[in-house]
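Undergrad: Below are the structure tokens for one structure; questions will follow.
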Amino acid sequence: MKRLYRFSPWQRIDAAIWRDRLEQEGIPCILRNEELFAALGEIPFLELQPELWVVDDEMLPRAERLLDHWQEATEQPPWRCPNCGEEHEGMFDACWQCGRRRDDD
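Last residue of the sequence shown: number 197 in my numbering, and the count goes up by one each step with no gaps.
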């Protein structure tokens, strides 16, 4: 088992989302320190950081590629669906209203 990413204590929701997305991709993972935020001030700050761990070491490179892809996607500019005209944040690859993917021609 290897650590994939360490989040700030304020990124607990992001950590859970990334864990769920990796598991949907068939990559089993564990989120450590998920519930320690309540101990802020009692436990050293660095020990409160949620950590995402990949269970199978052989899946770590694939998990890293997916994580890189998702981080790049959050940096994309907003876009308008060419099919229905709905506006979306850059992190989304598909239109929530009609289902068309951003890169479909």
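Backbone N, C-alpha and C define an ideal beta-carbon position, used for all residues, glycine too.
Going by beta-carbon coordinates alone, are residue 110 and residue 144 separated by less than 7 Å?
TA: Result yes, Cβ atoms of residue 110 and residue 144 sit closer than 7 Å.
Undergrad: Just curious, the alpha helix (DSSP H) that residue 114 is in, first and last residue?
TA: Unbroken alpha helix (DSSP H) run through residue 114: 104-116.
Undergrad: Taking the continuous beta strand (DSSP E) assigned at residue 143, which residues delimit it?
TA: It spans 143-146 - the beta strand (DSSP E) in which residue 143 sits, taken as one unbroken run.
Undergrad: If you run the structure through DSSP and keep just helix, strand and coil, what is residue 188?
TA: Here residue 188 sits in coil by DSSP.
Undergrad: When you compare the segment 146-164 with the segment 107-125, are there three or more beta-carbon pairs, one atom per stretch, that lie closer than 8 Å?
TA: Output reads yes: the segment 107-125 touches the segment 146-164.
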